[in-house]
Every structure is written in C-alpha cells, then in structure tokens.
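**Student:** Using our numbering, read the sequence shown as starting at 3 and increasing by one per residue.
Sharing a structure here in structure tokens format.
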Amino acid sequence: MADTAEILQELDSIENELKAVGLQISDLQERQKELNASKDRLQKKLKQCTKDAGPSKKLDLQSFTKQDFPWSKKVQKALGMFKLSAFRPLQLETINITMSGRDVFLIMPTGGGKSLCYQLPAGCSEGFTLVIAPLISLMEDQLMSLEKLGISAATINASSSKEHVKSVQNAMLDKTSDMKLLYVTPEKIAKSKMFMSKLEKAYHAGRLTRIAVDEVHCCSQWGHDFRPDYKVLGILKRQFPSVPLIGLTATATNSVLKDCEEILCLKDTITLSASFNRPNLYYEVRLKPSSTEDFTEDIVKLINKRYKDQSGIIYCFSQKDSEYVSVNLQKMGIKAKPYHANMEATEKSSVHKEWTENKLQVVVATVAFGMGIDKPNVRFVIHHTMSKSMENYYQESGRAGRDDRNADCILYCGFVDIFKVSSMVVMENVGQQKLYQMVSYCQDATRCRRVLIAKHFDEVWDTKHCNKMCDQCRHNPSSESVDVADHCRDLLQILQQAQQMDEKLTPLKTIDSWMGKGAAKHRVLCVPPSSLPRLEMEMVIAHLLVQQYLRQDFSFTPYATISYIKLGPKADLLKNEKHKIMMQMKKFTSVDPVKSSMDSKTQSAHASTQGGGGGGGEQEKMMYCH
Ligand code: ADP
Ligand code: MG
Ligand code: ZN
C-alpha cells in the first residue's frame, strides 16, 4: 500500500511520455502525409513532362509547339503586332492550347510574359476576351500598353461614366465592334446582374470568345492573396461552358491550383508550369543590424557602391518604415522616395513614373508597390523586413532583373521582425504557418537558396545549377549540427514559471530573463543566465517556434497587436531527457560585422568568439529542476 504514491508517480511519468510519443507520432504522420502528397504531385508532374497526362488522355505537350494549326499563321503574324520577335518558353504552347479551346492554367514567374498568352489570342480571334484581374491599376497599365499597340481594349469599373458603360455594353454585342479585350474586376461578376446579363447575351451571340483569369491563385484561401470576390468566378464556367478559360499566376503550389480548379468549376485543365528558377537573380540573406545607423550605413554603402546609378526597390514592413528609410537615404544624397497605400493616387503614380524613367533611383515601398510594376532594369530588390510568406518573397524579389541581366535580391533578417510580421498576419488563416516557412528560409545555415525556393514550389532542383548565384553556394559557409535541447529546457522553465504565475512574456522579456536580466520575478532560480550569445538565443527561439516547441500568443490593444511567447505543442517532448533538438548553426567568422537585431550594446562581436558553439561541448550541462 505504501507504494501507491510511487506507482502513481510512475504512472504519471509514463502518461507524460506516452503523450510525448503521441505527439511525435502525429508529427511523423503529418510529415508522412506531406511527403506522400509531394510524391503524388511530383509523379504527376513527371507524367506530364513525359507527355502523358494520365491513362485515359494523352497530352502531348510537344504537339502544342507545332506551327501547323489552322491559326498558326495568324499567331505568328500577331507576334509582330506585339513588336516581339520570338516566344518565350511555354508562351506558344499556352496560346495553342487556349486557341484549341481547352482550359489551361499557366504558372510562370512574374515578368515571364503571361499577359501575352491571352492578349495575343484575343488579338487574332473573333469576338472578345473577358479578362478578370484583381486591381484597376493593373488593368489600366495593360490598357495603356494595348492602346500603344493599336489593339482595342476596354474596362468597366466603378469610376466609369454611364456613357462609357453603355458603349462597352454595346460593343459586347456588336458583331462589327473591334473590341478585343474587356477587363473587369471579379467584383463586377459577383455584384452586377446587369453585367452578367450582357455577358450572357454576348455568349449566345457567339461574341464571348475566351475568359482569362489573371492572378488565378486569388481564388484559393490557401494561396497567399485570397480575394473573396474570386470565389464566385465558378459561375463563368457554369454559365458559359463552351468558352475556354485560361488562368494565370506566378505563385501557386499544386494544392492551391487544385483548389482553384474546383472553385472555377474546371475539369480537364491542362497545367503548364515554367520553372521558378530565375538564373540571373542572386539571392542573399543578411542579418539585420540592430541600430538604425548601422543598418542605414549598410544600405547606403550598397546603393552607392554596388548599385551606383542603378535602379532598385527597398521593401519595408510599414508605411512609417518606408517614409523613415527614404528620409534617411535622402539625407545621404540618394534619390529615394516612399511608396505606400496611404499616399494620394497621383503621388503614387508620379513616384512610379519618375522611377520608371530612371529619374528616381530607389522606391522605398510597402507591398502596395507590387502588381503592375513592369520595369525591366531593376538591379536590386532589398527587403528591409522579411516578407510574410515565401510566395510573397518570391514575387517581390522577382521584380528584379526582368531584362535577364544579373540582379540582386537581398533580404535582411531580424529577430524582432518575426513578431512584427506575425502580428500583422494574425488574422490570416495560415498566416503563422506561412511566415514560419519564410523564417525557416532565412534561418537555413547552409543550403542553396534556390533549393529552398524550389522545394517550396514543389520543384525538383539540383544545387549545382545555382552557378554560385546565392550566398550559400558562393561562400560555402561551414556549419555544425548541435543539440540545443538543454538550452531549450532552461527556456521552457522560464516560460513555464511565467505561465504558472499568469504572466505573459514578450520575446524581449523572454530573452532578458533567459540572460538573467530584467524583472526578478521572471527569472527562475535554478536557471543560470544563458551562456549563448544573444544572436544564438534569438536563433534558438526562432527555431523552436518554427518547430512548435514554442508558440506565439497574441493580445489585442486598441493600438497594436502584442505577441507573447508560450510553450508550444511539442514542449512536453523535452521532459524526456534523451530528447534532442538538432540545429544547424552557421560557424561565424570573425569578420562577420553583424550585431544582434535587438541589442547592439551588450553584444557586439558575439558569435564570432563562440564559433557557433550553439550549446555544444564547451557548455556545462545545466540543472533541470523538478
Ligand atoms: P507577367 O504577367 O508574367 O508578370 P507580363 O505579361 O506583364 O508578365 O510581361 C512582362 C514583360 O515581358 C512585358 O514587358 C512584356 O512585353 C515582356 N514580354 C512578354 N513576352 C515577351 C517575349 N516573347 N519576348 C520579349 N518580351 C516579352
Ligand atoms: Mg501579369
Ligand atoms: Zn545556391
């Protein structure tokens, strides 16, 4: 009987371990699911590449490169109309598929030339092509360039006059009209019965030749840019089943595409994807210096030396940042101006224009500076703050080097930024998950950036094709795999105690207590101040967040969303003393000038002396108190 307590205790510990094992199993199952899905996708892709879309239908992609279709002559001639001499990869295939009346999705990097794939067919077909695009500014850019080429196109939107709407509606039905493209936002389809009824008439009159859905990933809420109005676009295929649809996007994983296909009520869609690799872009991730002065100096140096007289974009987190950074650059004599959503439309277009005409060297922008940018000679895109997802990063950085000449994409990664961006995406469905993928990209110590990007987009990629066009391939950093579990146990005790006391720890406070600083009540007696350099502490925390040993918790004030750090779903695993958390730590060399992103005074040359110890051998094992 005396043993009951002991037995209970043992039972409890077994229960705990079982719980931990359960978590590990569900983790592995999750991973298994992911891997199986990736496997499926890749096998499908492989089949498509080897000219076989499936057992029932043969899709011979090669056959769509032929030049002897009934429309081939017209298509070749139309190329001249667009003042182009040759097609880029996949353009001809896509055009032939849509001309043959089939539905097609084209995934092609930004700047790859997707618009041509519906503009050119529109130009050489009877009737008109309905183009759905998300932004009015985007349509206006296209209308302008079509006008220059002498191709008749129109748009109706909220600011169109009654007369204009009337004349466009007439053109939709008029067999003698030369209107080739009609641009609308999805809202028009969703909200205007009048417009739908005109479309229906046009359909029955055989005037609605083709439907193009630009930025088609906006249909899916799993994509990075979900727009609710896109969800209704399934009505188009249901009402106009014989009209071929072409969907275009720069960024969509296969699962997003599948979702879009369902939403648009498509069946046998042919999907063509151009490679995500942009061989002329050099990718680099830098640690963000903590002090504004150091950071500004870093950027000024880049702009005045490496990018002297060359065009670029700096992407910032907020409107305030974009104003602030531009002022700082202006002070250093750099021609820079901000661009963000809160500026007057005329001011925005004047900044855009000055930059396009090379009168302005740098646009310091928020992501509001995005769609519709079509400047070929952008030599650098600097991210002052990481993007909110890999899709966003790819798209934003992809605005560099559209002329196929070399250009740089530099991303500054700062610990505090994780939480800033996190608070911004807190309302988004998979916001945290997407952000953590971005963090993981930044944190990777050794792998080729292209490999990481390709993996994200389900593309198979071989490091050796990078041609040293990323920081990791160029500098070949050495790293070592270290077990940081003991450090994590300390950290968890601090967080556990806070949780028990009903205290919430912000990332800064967490680090402070872990360093043995800050409020005494947040420290834990038997946890000695961490021996890790601050930068590595930050890296460990980021790693633990990504790996779900920790999680973020948010609280809303009228002015801000505050992020706190809490124990994550996997925290219990650390109760098992044998549990390891391996982390790839870059070995810093002593020339690395970067300081921690949060605290420059306490740490300066930091990591260099530690040689990336990251909790390795020289560190004494810490006590784990029960
Ligand atoms: P996307 O929509 O894929 O981002 P766009 O359709 O806006 O890209 O095209 C980007 C740029 O590429 C445009 O300036 C366009 O004129 C140019 N372009 C498209 N196709 C070709 C081609 N075959 N040859 C040369 N330039 C092209
Ligand atoms: Mg486009
Ligand atoms: Zn590389």
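For each residue, glycine too, the CB sits at the ideal point set by N, CA and C.
1) In angstroms with no decimal places, state the Cα-to-Cα distance between residue 19 and residue 577.
2) My output table needs one value for residue 519: the three-state DSSP class, helix, strand or coil.
3) Assuming contact is defined by CB atoms lying nearer than 8 Å, are residue 437 and residue 480 in contact in what I supplied?
4) Going by other Cβ atoms of all chains shown within 10 Å of its Cβ, with 16 needed for buried, is residue 5 buried or exposed?
5) Please determine whether the Cβ atom of residue 377 lies at a distance below 7 Å from any heavy atom of the ligand MG.
6) Roughly how many whole angstroms lie between the Cα atoms of residue 195 and residue 550?
7) Using 10 angstroms around the beta-carbon of residue 35, count the other beta-carbons present and answer buried if the total reaches 16, otherwise exposed.
8) Residue 31: buried (16+ other C-beta within 10 angstroms of its C-beta) or exposed?
9) At 4 residues or longer, and completely inside the region 417-442: list those alpha helix (DSSP H) runs for me, N to C.
10) In whole angstroms, what is the alpha-carbon distance linking residue 512 and residue 435?
11) Kindly indicate which three-state DSSP category residue 162 falls into: helix, strand or coil?
12) Report yes if the C-beta of residue 115 is less than 7 Å from at least one heavy atom of the ligand ADP; otherwise report no.
13) Might you give, ordered along the chain, the residues of its own chain that have their beta carbon closer than 7 Å to the beta carbon of residue 489, omitting 5 neighbours on each side?
14) Report the rounded CA-to-CA distance for residue 587 versus residue 148, giving the unit in angstroms.
15) Take every Cβ of the region 153-172, pair it with every Cβ of the region 102-113, and state whether three or more of those distances are shorter than 8 Å.
16) Are residue 459 and residue 278 touching if we call contact CB-CB under 8 Å?
17) At 4 residues or longer, and completely inside the region 205-292: list those alpha helix (DSSP H) runs for me, N to C.
18) Would you say residue 327 and residue 383 are within 8 Å of each other, going by their C-beta atoms?
19) Excluding the 5 residues preceding and the 5 following residue 350 in the sequence, name in chain order all residues of the same chain whose CB lies nearer than 7 Å to its CB.
20) What does the alpha-carbon distance come out to for the pair residue 503 and residue 225?
21) Roughly how many angstroms separate the alpha carbons of residue 87 and residue 419, rounded to a whole number?
22) Give the range of the beta strand (DSSP E) segment to which residue 588 is assigned.
23) Decide if residue 308 is buried, meaning its Cβ has at least 16 other Cβ atoms within 10 Å, or exposed.
24) Give the list of continuous alpha helix (DSSP H) stretches no shorter than 4 residues that lie fully inside the region 446-485.
25) Can you tell me which of the three DSSP states residue 411 falls into?
26) Give me the DSSP bridge partner(s) of residue 544.
27) Using a 10 Å radius around the Cβ and a threshold of 16 neighbouring Cβ atoms, would you call residue 477 buried or exposed?
28) Among residues of its own chain, excluding the 5 on either side of residue 456, which ones have a beta-carbon nearer than 8 Å to its beta-carbon?
29) With distances taken Cα to Cα, identify the nearest neighbour of residue 269 among 275, 276, 261.
30) Is it right to say residue 526 is buried, meaning 16 or more other beta carbons lie within 10 angstroms of its own, or is it exposed?
31) Please name the residue in 487, 491, 289, 115 whose C-alpha comes closest to that of residue 443.
32) Kindly indicate the opening and closing residues of the alpha helix (DSSP H) around residue 77.
33) Within a Cβ cutoff of 8 Å, which residues of the same chain sit near residue 234, ignoring the five residues on either side of it in sequence?
34) Count the C-beta pairs between the region 209-223 and the region 163-172 that are closer than 8 Å, then say yes if the count reaches three, no if not.
35) Does the distance between the C-beta of residue 474 and the nearest non-hydrogen atom of the ligand ZN fall short of 7 Å?
**Tutor:** Result, derived from the coordinates:
1) For the purposes of this step, residue 19 is identified with residue 17 of the sequence shown, where counting begins at 1. For the purposes of this step, residue 577 is identified with residue 575 of the sequence shown, where counting begins at 1. When rounded, the distance between both Cα atoms is 8 Å.
2) Reading the sequence shown from its first residue, position 517 is the one you call residue 519. Coil.
3) Along the sequence shown, one-based indexing puts residue 437 at 435. Along the sequence shown, one-based indexing puts residue 480 at 478. Residue 437 places its beta carbon 8 Å or farther from that of residue 480.
4) In the sequence shown, residue 5 corresponds to position 3, counting from 1. When all chains shown are included, residue 5 counts as exposed.
5) Within the sequence shown, numbered from 1, the residue matching residue 377 stands at position 375. A distance criterion of 7 Å places the beta-carbon of residue 377 beyond contact range of the ligand MG, judged by its closest non-hydrogen atom.
6) Position 193 of the sequence shown, counted from the first residue, corresponds to residue 195. Position 548 of the sequence shown, counted from the first residue, corresponds to residue 550. So the two alpha carbons sit approximately 48 Å from each other.
7) Residue numbering aside, residue 35 sits at position 33 when the sequence shown is read from its first letter. With fewer than 16 other Cβ atoms within 10 Å, it is exposed.
8) Within the sequence shown, the letter at position 29 stands for residue 31. Per the 10 Å Cβ criterion, exposed.
9) List check, alpha helix (DSSP H) in window: 417-426.
10) Residue mapping note: residue 512 aligns to position 510 of the sequence shown, counting from 1. Residue mapping note: residue 435 aligns to position 433 of the sequence shown, counting from 1. When rounded, the distance between both Cα atoms is 22 Å.
11) Within the sequence shown, the letter at position 160 stands for residue 162. Coil, per DSSP.
12) Within the sequence shown, the letter at position 113 stands for residue 115. Correct: residue 115 has its Cβ closer than 7 Å to the ligand ADP.
13) Indexing the sequence shown from 1 puts residue 489 at position 487. Here the set comprises 532, 534, 542, 617.
14) As a first step, residue 587 must be located in the sequence shown, where it is residue number 585. As a first step, residue 148 must be located in the sequence shown, where it is residue number 146. The straight-line gap from Cα to Cα measures roughly 52 Å.
15) Put simply, the region 153-172 does not touch the region 102-113. Fewer than three CB pairs are less than 8 Å apart.
16) For the purposes of this step, residue 459 is taken as residue 457 along the sequence shown, with counting starting at 1. For the purposes of this step, residue 278 is taken as residue 276 along the sequence shown, with counting starting at 1. Taking 8 Å as the cut-off, the beta carbon of residue 459 is found closer than this to the beta carbon of residue 278.
17) Whole alpha helix (DSSP H) segments, 4+ residues: 236-241, 256-265.
18) Counting from one through the sequence shown, the residue named residue 327 turns up at place 325. Counting from one through the sequence shown, the residue named residue 383 turns up at place 381. Contact: no.
19) As a position in the sequence shown, residue 350 is number 348, starting the count at 1. The answer, listed in chain order, is 341.
20) For the purposes of this step, residue 503 is identified with residue 501 of the sequence shown, where counting begins at 1. For the purposes of this step, residue 225 is identified with residue 223 of the sequence shown, where counting begins at 1. C-alpha of residue 503 to C-alpha of residue 225: approximately 40 Å in a straight line.
21) Locating residue 87 in the sequence shown gives position 85, counting from the first residue. Locating residue 419 in the sequence shown gives position 417, counting from the first residue. Distance between the alpha carbons of residue 87 and residue 419 is about 45 Å.
22) Position 586 of the sequence shown, counting from 1, holds the residue named residue 588. Segment 584-588, the beta strand (DSSP E) holding residue 588.
23) Working through the sequence shown from its first residue, we reach residue 308 at position 306. So residue 308 ends up on the exposed side.
24) Taking only runs of at least 4 residues, the alpha helix (DSSP H) segments lying wholly in the region 446-485 are 451-458, 473-477.
25) The residue given as residue 411 occupies position 409 in the sequence shown. Correct three-state label for residue 411: strand.
26) Numbered from 1 along the sequence shown, position 542 holds the residue referred to as residue 544. Its beta-bridge partners do not exist; DSSP assigns none.
27) Sequence index remark: in the sequence shown, residue 477 carries index 475 (1-based). So residue 477 ends up on the exposed side.
28) Position 454 of the sequence shown, counted from the first residue, corresponds to residue 456. Around residue 456, the same chain offers 278, 279, 462, 463 as residues with beta carbons nearer than 8 Å, after the five sequence neighbours per side are excluded.
29) Locating residue 269 in the sequence shown gives position 267, counting from the first residue. The alpha carbon of residue 269 has as its nearest neighbour, out of 275, 276, 261, the alpha carbon of 261.
30) For the purposes of this step, residue 526 is taken as the residue at position 524 of the sequence shown. Around the beta carbon of residue 526, a 10 Å sphere encloses 16 or more other beta carbons of the protein chains shown; the residue is thus reported as buried.
31) As a working mapping, residue 443 is identified with position 441 in the sequence shown. Of the candidates 487, 491, 289, 115, the one whose C-alpha sits nearest the C-alpha of residue 443 is 289.
32) Working through the sequence shown from its first residue, we reach residue 77 at position 75. Residue 77 -> alpha helix (DSSP H) spans 74-83.
33) To locate residue 234, count along the sequence shown from 1; it is residue 232. The residues are 188, 191, 192.
34) Not touching, per the Cβ criterion.
35) As a position in the sequence shown, residue 474 is number 472, starting the count at 1. Indeed, a heavy atom of the ligand ZN lies less than 7 Å from the Cβ.
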